[in-house]
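Engineer: My questions will all concern the structure given below.
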Amino acid sequence: MPSLTGRLEGAVSRNLLHVASQDSGSPKLEKQALGVWGHAGQFSELKLAVPWGHIAAKAWGSQQGPPVLCLHGWLDNANSFDRLIPLLSKDFHYVAMDFGGHGLSSHYSPGLPYYHQNFVSEVRRVAAALKWSRFSLIGHSFGGLVGGMMVDKLILLDATPFFLDTNEIENLLTYKRRNTEHTLQVEASKKPSKVVSQEAMLQGFLKNNSHVGEECGALLLQRGTTQVATGLVLNRDRRIAKIEHCLDFVSKELFEHYIRKLQARVLLIKATQGYHDVRRENDANTEPMLFKIGMLRAVLKERFQFVEVTGNHYVHMNQPQLVASVINSFLQSKERIPAQL
524 MPSLTGRLEG
534 AVSRNLLHVA
544 SQDSGSPKLE
554 KQALGVWGHA
564 GQFSELKLAV
574 PWGHIAAKAW
584 GSQQGPPVLC
594 LHGWLDNANS
604 FDRLIPLLSK
614 DFHYVAMDFG
624 GHGLSSHYSP
634 GLPYYHQNFV
644 SEVRRVAAAL
654 KWSRFSLIGH
664 SFGGLVGGMM
674 VDKLILLDAT
684 PFFLDTNEIE
694 NLLTYKRRNT
704 EHTLQVEASK
714 KPSKVVSQEA
724 MLQGFLKNNS
734 HVGEECGALL
744 LQRGTTQVAT
754 GLVLNRDRRI
764 AKIEHCLDFV
774 SKELFEHYIR
784 KLQARVLLIK
794 ATQGYHDVRR
804 ENDANTEPML
814 FKIGMLRAVL
824 KERFQFVEVT
834 GNHYVHMNQP
844 QLVASVINSF
854 LQSKERIPAQ
864 L
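Heads up: the sequence shown begins at 524 in this note's numbering, then just goes up one per residue.
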């Protein structure tokens, strides 16, 4: 097994594929080259210009293939798909992006909160910059909650909606207020990012994410940290608060309305020890997941497929072979549902 330093830094030549938005709105391709890192296979690095800086991404496969956008989970980054994509069909063009404030993407400007709708806007910007009028989407966890209305095929990896009863509007306001307060406190403190040794960084990550194996944890930190003279610093924007602070909670009625507007074919892959068993180990309430599955089946009918696999919330990283064949079969199916941005 490679050393910790090797796993975090990667034995690669990092070349850049840079895409910058021109005044006309069309992207400009400046340079393209391939790199290799660990299990990721051959990929290209992308930078997409946005008003606050850039959105970073990784691309696999020919640009002539049908496009598939891959969205990582909360506090993760594009490396989340490094072990899965090499096992998927080579007929497609895969792009895994870093959400703003995550991975190698720019942090939001001061005063701009990390709200769910802003991440939806990022997906639209990436699709527009790459000139995608239709595409498929693979979303893990939080990534599965973003962008479903604009895709041809939607693959949800252990993702679940966040419901809010209609009589709990005050709770939603509390979440938003806490996020605003957190953002203001961090911006006012101006404390430098904490420098941590490589080993301490990895062990701290694994302690807080016991469902991620050591190799997968190192893979996420490889893109989620920056090497400095005395150790590592996290790339992630410190203003990013708890996930519930950024979400736009919805009622069951609104979720049903959303599903009825959905044009995509949907594949939901649930891990047996997934979201409810790991992320919410003290919460035995699985009713939201059962409601979601029932609603998807009732509304989408033959356009919905549900598969349960053995594994935890990060099964696509820890045991990617368990989900790769299911995803390949779904992507390669011939039925297509028109979907436009």
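From the three backbone atoms N, C-alpha and C, an ideal C-beta is built for every residue, glycine too.
(1) Alpha carbon to alpha carbon, what distance is there between T795 and I608?
(2) Of the choices S716, V838, I816, I678, whose alpha-carbon is the least far from that of T753?
(3) Whole angstroms is fine: what's the gap from R762's alpha carbon to G740's?
(4) Quick one: using the 10 Å Cβ neighbour count with 16 as the cut-off for buried, is T748 buried or exposed?
(5) Mind reading off the beta-carbon distance from Y617 to W583? Whole number of angstroms is fine, and I expect it under 8 angstroms.
(6) Rounding to the nearest angstrom, what Cα-Cα distance links E737 and R606 in this structure?
(7) How many Å lie between Q870 and F615 at the Cα?
(8) Anyone know if the C-beta pair for V674 and S664 falls short of 8 angstroms?
(9) What residues are listed by DSSP as bridge partners for V751?
(10) Which same chain residues, not among the five before or five after R802, have their C-beta less than 7 angstroms away from its C-beta?
(11) Alpha carbons only, please: which of S632, I792, L677, E779 is nearest the one belonging to V822?
(12) Determine the DSSP secondary structure at F853, reduced to helix, strand or coil.
(13) Mind checking which residues open and close the alpha helix (DSSP H) that includes E776?
(14) Please classify N600: does DSSP put it in a helix, a strand, or coil?
(15) Identify the continuous beta strand (DSSP E) that holds F827 and give its terminal residues.
(16) Assuming G626 contacts R746 (C-beta within less than 8 angstroms), just tell me the rounded distance between them.
(17) Buried or exposed for A652, going by 16 or more other Cβ atoms inside 10 Å?
(18) I'd like to check one pair, F853 with L790: are the Cβ atoms closer than 8 angstroms?
(19) Measuring straight from C-alpha to C-alpha, what distance separates V649 and I578?
(20) Pick from S856, E831, I816, H630: whose alpha carbon is nearest that of A572?
(21) Alpha carbon to alpha carbon, how far is V751 from A682? Give it in angstroms, no decimals.
(22) Can you name the residues that DSSP bridges to Q587?
(23) Taking its Cβ as the centre, do 16 or more other Cβ atoms sit within 10 Å of L872, making it buried, or is it exposed?
Structural biologist: So, to answer that:
(1) Within the sequence shown, residue 608 is the residue found at index 85, counting from 1. Within the sequence shown, residue 795 is the residue found at index 272, counting from 1. Cα to Cα, the separation comes out at about 22 angstroms.
(2) Residue 753 sits at position 230 when you count from the first residue of the sequence shown. Nearest C-alpha to T753 among S716, V838, I816, I678: S716.
(3) Position 239 of the sequence shown, counted from the first residue, corresponds to residue 762. Position 217 of the sequence shown, counted from the first residue, corresponds to residue 740. Approximately 22 angstroms, taken between the alpha carbons.
(4) To locate residue 748, count along the sequence shown from 1; it is residue 225. Buried is the call here.
(5) Numbered from 1 along the sequence shown, position 94 holds the residue referred to as residue 617. Numbered from 1 along the sequence shown, position 60 holds the residue referred to as residue 583. So it is a contact: roughly 4 angstroms between Cβ atoms.
(6) Start at 1 with the first residue of the sequence shown, and residue 737 comes out as number 214. Start at 1 with the first residue of the sequence shown, and residue 606 comes out as number 83. Going from the Cα of E737 to the Cα of R606 covers about 14 angstroms.
(7) This structure cannot settle anything about residue 870, because the visible part of the chain is limited to 524 through 864.
(8) Position 151 of the sequence shown, counted from the first residue, corresponds to residue 674. Position 141 of the sequence shown, counted from the first residue, corresponds to residue 664. Not closer than 8 angstroms, so no.
(9) Looking up residue 751 in the sequence shown gives position 228. Answer by DSSP bridge pairing, in chain order: G754.
(10) Numbered from 1 along the sequence shown, position 279 holds the residue referred to as residue 802. Reliability of the predicted coordinates at R802 is poor, the pLDDT of 47 falling under 50, and no value is obtained from them.
(11) What you label residue 822 is simply residue 299 of the sequence shown in a count that begins at 1. Ranked by Cα distance from V822, the options S632, I792, L677, E779 are led by E779.
(12) Taking the sequence shown and counting its residues from 1, one reaches residue 853 at position 330. Note: F853 maps to helix in three-state DSSP.
(13) Start at 1 with the first residue of the sequence shown, and residue 776 comes out as number 253. Counting along the chain, the alpha helix (DSSP H) containing E776 begins and ends at 775 to 784.
(14) As a position in the sequence shown, residue 600 is number 77, starting the count at 1. Reduced to three states, the DSSP call for N600 is coil.
(15) Translated into positions along the sequence shown, residue 827 becomes position 304. 827 to 835 is the span of the beta strand (DSSP E), which, as asked, contains F827.
(16) As a working note, residue 626 is residue 103 in the sequence shown. As a working note, residue 746 is residue 223 in the sequence shown. G626 to R746, Cβ: 5 angstroms. Contact.
(17) For the purposes of this step, residue 652 is taken as the residue at position 129 of the sequence shown. By the 10 Å Cβ count, A652 comes out buried.
(18) The residue you call residue 790 lines up with position 267 of the sequence shown. The residue you call residue 853 lines up with position 330 of the sequence shown. In contact: L790 and F853 (Cβ atoms closer than 8 angstroms).
(19) Taking the sequence shown and counting its residues from 1, one reaches residue 649 at position 126. Taking the sequence shown and counting its residues from 1, one reaches residue 578 at position 55. If I take the Cα positions, the gap works out to 8 angstroms.
(20) Counting from one through the sequence shown, the residue named residue 572 turns up at place 49. Of S856, E831, I816, H630, the residue nearest in Cα terms is H630.
(21) In the sequence shown, residue 682 corresponds to position 159, counting from 1. In the sequence shown, residue 751 corresponds to position 228, counting from 1. Roughly 35 angstroms between the two C-alpha positions.
(22) Residue mapping note: residue 587 aligns to position 64 of the sequence shown, counting from 1. According to DSSP, which records beta bridges pairwise, Q587 is partnered with nothing at all.
(23) The chain is shown only over 524 to 864; residue 872 falls outside these bounds and no answer can be derived.
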